[in-house]
Every structure is written in C-alpha cells, then in structure tokens.
Amino acid sequence: MYKEVLRSIENIEIFPIISLLIFVLFFLGVFLWVLRVPKSYVDHMSSLPMDEDDAKPHQS
Amino acid sequence: MNDATLERFHYDNKIVKYFGAATIIWGVVGMLVGVIAATQLFWPEANLGNPYTTFGRIRPLHTNAVIFAFVGNAIFAGIYYSMPRLLKTPMWNKALGWFHFWGWQLIILSAAITLPLGLTTSKEYAELEWPIDIAIALVWVAFGANMIGTLIKRRERHMYVAIWFYLASFVTVAVLHIFNSLELPVTFWKSYSAYAGVQDALVQWWYGHNAVAFFLTTPFLGLMYYFLPKAANRPVYSYKLSIVHFWSLIFIYMWAGPHHLLYTALPEWAQVLGTIFSVMLIAPSWGGMVNGLLTLRGAWDKVRQDPVLKFMVVAVTAYGMSTFEGPMLSLKNVNAIAHYTDWIVAHVHIGGLGWNGFLTFGVLYWMWPRLFKTNIYSTKLANTHFWIGTLGIIFYALPMYVAALTQFLMLKEFNDAGRLAYPNFLETVIQIVPMYMLRALGGLLYLAGAIIMIYNMWMTAKQGTFQETEEDQAPALAKAYNPAGEFWHRAWERKPVFFTILATIAIAIGGVVEIIPTILVKSNVPTISSVKPYTPLELEGRDLYIANGCVGCHSQMIRPFRSETERYGEYSKAGEFVYDRPFLWGSKRTGPDLHRVGKKYPDSWHYHHMVDPRSMSPGSLMPPYPWMTTNELDNSDLPAKIRTLQQLGVPYPEGFDEQAIAEYDKQAAQIVANLKEAGVEVASNTEIVALIAYLQRLGTDIKQPTASNP
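Chains as they are written, first to last, in the working numbering: chain S, 1 to 60; chain Z, 61 to 770.
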C-alpha cells in the first residue's frame, strides 16, 4: 500500500531528507558548540539553581 | 559588585502552595478512580450499576485526572517555584497566574463532570469536548504569556536548562492541542473530528505520543534539572550533557508518534519512520537519566537518609526503564506482542507511577517544608510512603507483564489441526483475572502512600508558618550587552523569545513531515467503493458507542496476523474507515476486536448480551448495560449531525438531513421486528436499537460483492 501513498505525493522523498539534513546540521552545530564552550560559562550555568540560600529548610 | 545596583524583589509562594495542594488533592482523586476502574476489571459490579461510573466512562476520567490534574498541577507548582528563582525576578503577572490556577482547576472540574456524563470525543487524552478545548487553549496561553513575560523581566542573563524544557513544553503542547482538537461542533456538547479514519488516527497518535513527551516528560525533566541538584545540594553532573540532551530529545520525539499504530492500516512509511526515531530516542533519554543519577555522585549516603532523594532516584530510574522499554515496544516484532495487551498498561504505569508520581512526591516533600519555614513533620512517614509506593509500583507492573505474555501466547496458539487453540477471546481473559486482582492491590498500595503524604503535608503546614513572599536581591540586567566573540548558542540563550521560536521550529519540522502528507493528500487513503456512510440510526448508535467509551476495551482494527484473521475475520483496510469521525481503532483489548462483528450474531444475541453479558458469554468481565433497553434516545439533533457531516465531506445526498428521522424510524422498526421474532419486546426509540444497528453494520461493507472491490 505504501507505494501508492508515495506516488500520490509529489517529491515526497525529499521531505524526510531535507528535515534529516536540518536536524543533523543543527545537532552537529550544537555538539561542536558544547565541546568548545568555556568552562566559566558552564560553571556559572550549573550553579544557577544553587544560588539561593534555601538549601536548608529550617532557618533559625 | 556595586551594592547600589542591587534590586530587591519578592517571590510569590502563595500560588506555589495552591498548585501544590491541587496536585496532591487531584492526585488522590485520580488514583482513587484508577483503583475503582481496576477493580471493575475483575468485579464488574463495582460499576455501581449505572452508566456514569461504568468502566468505559471512568477510564478516561482516570487518565485525564492523573495526567492533567495531578501531573499538570505538579508541573505548574514546580515552574512557579523554580522559574522566578532561576531568573531572579517574580513571575511576571500575578493576576495572570491566578487566572491560570483557577482556570485550570475549572477545566479539571468540568472534565470530572462531562466525562461520566458521556460527553467525550473518545480520542485518548483529548476526550474533552470543544468548549473545554477552547478553555484549555486560553488558560494555556495565559500560562505561556506569564512565562515569557517573566523571561523578559529577568535579572539573570542566561536561561538555565530547566527553563528550556519548560518553554519547549509550552509551545509544543499548544501546537499539539490545537491540531488534534480540530473538530466541527454539532451542539454545545457534541462535535465531529475534522479528520476521518486513518488521518484521524495519525493525528491522534501524533498528539498522544507527543502529549506523553511534552506533558509528562519534558516539563518533568525541567523539574529534575532544578530540584534534583537542589535536593542533593550539588550542581548537575554535566551541564554540557544537558544541552545535548535537550536538543536531541525535542528534535527526535516529534517523529516517533506513528509507532502507536504499527500493523494497523496506517501507511507503511509512517510506521517505519516512527520505529526508527523511537529507537534513536534511547540516546537522549538515557543521557538525561545518566545525568540525573550522576548528579548524586558522592552523595549516595544522603540517599539512604533523605526520602526526597529516594523518591527522585526511583523516579529517574523509572524514567530510564520506560524510555528503554518504549523504543523496544516500537520494534514491530515486540509491538506485535505488546499492542492491545496489558504490556502497554504496565509500560505507561512505570512512567506514570514511577517517573511522574515519584518525582512529584520528591518535589513536594522538598518544597513544602520550605514554603512553611519548617522541617518535614515526619521523615518516618515519608519513608513509609516511599516503601508503600514502591511496592505499589511492583504489584502493579509485574502482574501486567505476566498477564500480557500469558494472553499473547494463548491468543497465538494453534492446535495440530491448524485451528486456534483458544478461539474464544474470553478464555484468555479469564486466565488473567488473578493478575487483574494483584494489579488493583498495587494501585491501592500506591493510593495509600499518597494519603499518608497528604497527612504529612497537612501536619507540616500546621507546625510551620507559611511565608507568603520570599525576598531576594540581584542587580538589574545591563541594557547594552554585546560581548565580542560569544558563541551563537550562548547568544541565543539571552534571547528567550527567539529561543522559543527556535524550539517551535525544531518541533514543527518533525510534526510537519509526519502530518502534512496525510492531511493534505486525500488520495493516500485508497477508497473502496462499497464503503458507504452510516445510516442515521447507525450514526446514533455509533455516538452511543463513543459516549459509553466502548473503545476503552474493544478495538476495531484487525491486524494482518493469522491469529487475528482466523479469530475475527478479514484484516482491516485503510479505506474502510473513511467515514469514521472519530476513528475508533482503540488501544487496548480487554474484550475482543469488534471490527467484523457485524452480522456475526442475530440482533437478539446483542440485546441479551447488553442486558447481561454473562448470559451469552459466561465469565465475561463486561459490565451489563440494562438501562439501554429503556433509555430513550433523543434523536432531535440528527438533522444537525447530518449537516455537520456533510460540511466535513461525507457524501449524504442533498436534503438528507430532512429525511434522516424518517430513515431512522424505518431501520429501527426493522430491528424491533427482528427482536420481536426472537421474543424480545422493545420500544423503537430506545438506545439499544441504535447500538444494535451500529454493531451489525461494523465491517460488513467490504463483504458486499461489488465490481470495484479490490
């Protein structure tokens, strides 16, 4: 059945390829960036949730 | 830092408290309904003898309550707590926040009223009728606007990864909700889906799958990335991994929807695409799990003592388990076993009870004492809750796996003569009844744990004093900020609106590729000329079938397996469903498939079976529907229904809406006459007559000989 489906849509084969390309390129971009990102930035970001002083519930 | 530039502001804890309380209250309601539904599966009398509390109607009540009320409120509580603190600013607009809170609770309340009344679209996790759908859209937009407003007012330049997850969840759920809820209203409480048959199924499971992804998974990953480091008091294991995790997850998730429809009449390419991307999903999912668990490196001694961490560790582990199981279930040979059986039920409950439930409990146990500036009332009770809950999950899931495999093996067994060893579906159900009992016990244990939690939270609140606002200070963001040499991704994070658009594009690509061909191209569903629209009586019968949630236990989709074609008849074709609005393929067989039930039994068999299923099928677990023989069917909306369907393209002849009632009466009279012959007296305007008409029509169209029948 899928052959009829494919034939009925013009240029269907290009759909998945285009989106796969976008996906792969974007992903590679993010990955390269992650590898090169400065440590100071990473440290700052991962410490964001720890910024407040409410780590202990009971403050007397 | 120059103190003069420091700004003072207050976080609002009140709305967090309200969302938190709503979470646990609705949670207990949803779990209770779940236990009742589970009980009905081995003891049908637990339906309390009326249509409103019968399985078909309370199953969607259970799923909606736990997903949108329990998990939904938990997400909001967590976001309203973490987002302001991560961005160093209160939530943007208090009034919008309260509109969000009360709007959401009203929606839940209206669901709790309409679903038992049988007002449903029958599309899973999107059962609510169109007026409520519109309300959901409004409240959801208010929630999103409040988040984006907060981002614009922020004092922290960069967005922590949790916020990315929140934003992606917001935009994706909005897109999904709108597209899946496209329907044409007939009356205030009745509408027909804008899609039919195969298209409807594809859109529904695109939605259904992604609702799991972007309502049950991504917001909770956001919560995990905030609350797990908080509870462990150490930063996340790898922030870099979290970035990769985020982008690969939202990119890939969108594509996996069709794995819910393997072996159905769905186009093959869509099935293959769904499977490939489902398997790819393991990578980002496990990246997230590993990141969560490794955050606890060097802190495992704390896990022994702190119930918050215990809950979170089991939650993250359950996430890892179900995200491994999910892709495995999307492999066609595994899916052949699991689909329509209790395996799927086990799978979703590992996710629901383990990942969502336990992470919610962990977050609440962590947050509640802080809101009330005290310590938890009883760590011992929290630990008790943890162990009862864990036992509950085990007692729930294990019997379901056993039940699924037992039933699968029985259904597939052929004897030496080449015939089905268990031709009667019921034989396989009776075999697994003990498993259903154990499952209900598991649910009961889990519920008991949640009730202990309510007591613990209540006492914690009582011993502390609620701090309505919490003060904090931070410097304002400098207006002009343009560092040279900043990498592109880092620059994006400073631009939340741009970032949101980007995330939308990411999820849209997957959705578009999957959906557009199916929606736009009519010719992708091969038409079968002998398939005709439903008659007025059958249409009303079908709407009754929908209202009573029959689809919760009966599929209408015979897969191309020998064991199924032998049992039920010719396998289902895509072209048979072109007038099905909505589609009723179902997702679980507690009873047999009904796609070819038409003309299989006489009308009187159906009559007696509906009045008392066990009179026709001894040992049946189906609840009796005696009220259908006396309930009168109000068919005054029939002309409007016909007109609506005509607008949607169903080829009823011009002016058919005026003849519909006469046609209805004619066909009803025939069924009444058939029943009378068999010694049953029934009025022609009762519900049972319409239902029998529909059941007798099912799957019969392609049995009629026509020249063009492929």
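By construction, the Cβ of each residue, glycine as well, lies at the ideal position given by its N, Cα and C atoms.
Answer yes or no: does any C-beta atom of chain S fall closer than 8 Å to that of residue i?
i	result
H655(Z)	no
F69(Z)	no
I303(Z)	yes
E216(Z)	yes
L465(Z)	no
I569(Z)	yes
K290(Z)	yes
Y425(Z)	no
L146(Z)	yes
P295(Z)	yes
K522(Z)	no
W307(Z)	yes
Y220(Z)	yes
Y299(Z)	yes
F311(Z)	yes
Y286(Z)	yes
With a threshold of 16 other CB atoms inside 10 Å of the CB of residue i, please say whether the residue is buried or exposed.
i	result
W447(Z)	exposed
R757(Z)	buried
P387(Z)	buried
A720(Z)	buried
A743(Z)	exposed
V749(Z)	buried
W360(Z)	exposed
R36(S)	exposed
I192(Z)	buried
I196(Z)	buried
Among the options, which one has its Cα closest to the Cα of residue i?
i	options	result
N734(Z)	S664(Z), G679(Z), Q756(Z) and T525(Z)	S664(Z)
I762(Z)	V710(Z), S647(Z), L751(Z) and S632(Z)	S632(Z)
N270(Z)	G80(Z), V638(Z), M314(Z) and I397(Z)	M314(Z)
G502(Z)	T83(Z), Y71(Z), T65(Z) and M91(Z)	M91(Z)
S772(Z)	E598(Z), A568(Z) and P683(Z)	For residue 772(Z) there is no data in the structure shown, the boundaries of chain Z being 61 and 770.
V408(Z)	Y299(Z), I453(Z), P662(Z) and A186(Z)	I453(Z)
E105(Z)	L354(Z), P684(Z) and P713(Z)	P684(Z)
L814(Z)	V88(Z), I75(Z) and K77(Z)	Because chain Z here runs from 61 to 770, residue 814(Z) falls outside it and cannot be looked at.
E184(Z)	G268(Z), I139(Z) and I168(Z)	G268(Z)
Y515(Z)	A481(Z), Y425(Z) and D532(Z)	Y425(Z)
Do we get a CB-CB distance below 8 Å when we pair residue i with the residues of chain B?
i	result
F239(Z)	Absent from the structure: chain B. Protein chains present are S and Z.
Would you tell me roughly how many angstroms separate the C-alpha atoms of residue i and residue j, rounded to the nearest one?
i	j	result
L441(Z)	M513(Z)	8 Å
M284(Z)	G478(Z)	53 Å
H305(Z)	N443(Z)	31 Å
A286(Z)	E530(Z)	Note that residue 286(Z) is Tyr in the sequence shown, not Ala. One C-alpha to the other measures close to 18 Å.
P789(Z)	T746(Z)	Nothing about residue 789(Z) can be read from this structure; chain Z reaches only from 61 to 770.
V732(Z)	K701(Z)	24 Å
L356(Z)	M519(Z)	29 Å
I127(Z)	S182(Z)	16 Å
L6(S)	L333(Z)	Confidence at L6(S) is low in this model, with a pLDDT of 46, below 50, so the placement of that residue should be treated as unreliable; the coordinate-derived value is given next. Taking the straight line joining both Cα atoms gives about 13 Å.
D260(Z)	R641(Z)	8 Å
H445(Z)	Y379(Z)	20 Å
P49(S)	L147(Z)	10 Å
M372(Z)	P535(Z)	33 Å
Y456(Z)	R674(Z)	27 Å
S768(Z)	V591(Z)	In this predicted model, S768(Z) has a pLDDT of only 43, less than 50, meaning its place in the structure is not dependable; the value taken from the coordinates is given anyway. Those two C-alpha atoms are separated by around 11 Å.
T420(Z)	A222(Z)	16 Å
M45(S)	Y220(Z)	6 Å
I238(Z)	K362(Z)	44 Å
P838(Z)	E723(Z)	Since the first residue of chain Z shown is 61 and the last is 770, residue 838(Z) is not available in this structure.
H614(Z)	N484(Z)	15 Å
A463(Z)	P295(Z)	42 Å
Y667(Z)	L654(Z)	16 Å
R499(Z)	T466(Z)	15 Å
Is residue i close to chain Z, meaning its C-beta is less than 8 Å from at least one C-beta of that chain?
i	result
L48(S)	yes
F23(S)	yes
L28(S)	no
Based on DSSP bridge pairs, tell me the residues matched to residue i.
i	result
T529(Z)	D72(Z)
K648(Z)	Y400(Z)
K183(Z)	DSSP, once it has assigned bridges, lists no residue as partnering K183(Z).
E67(Z)	A534(Z)
T746(Z)	E692(Z)
Y782(Z)	Summary: the structure shown does not reach residue 782(Z), with chain Z confined to residues 61 through 770, and so no result is reported for it.
L771(Z)	No answer is possible for residue 771(Z): the residues shown for chain Z start at 61 and end at 770.
Does the ligand FAD have a heavy atom nearer than 7 Å to the CB of residue i?
i	result
G503(Z)	The ligand FAD is not part of this structure, which contains no ligands at all.
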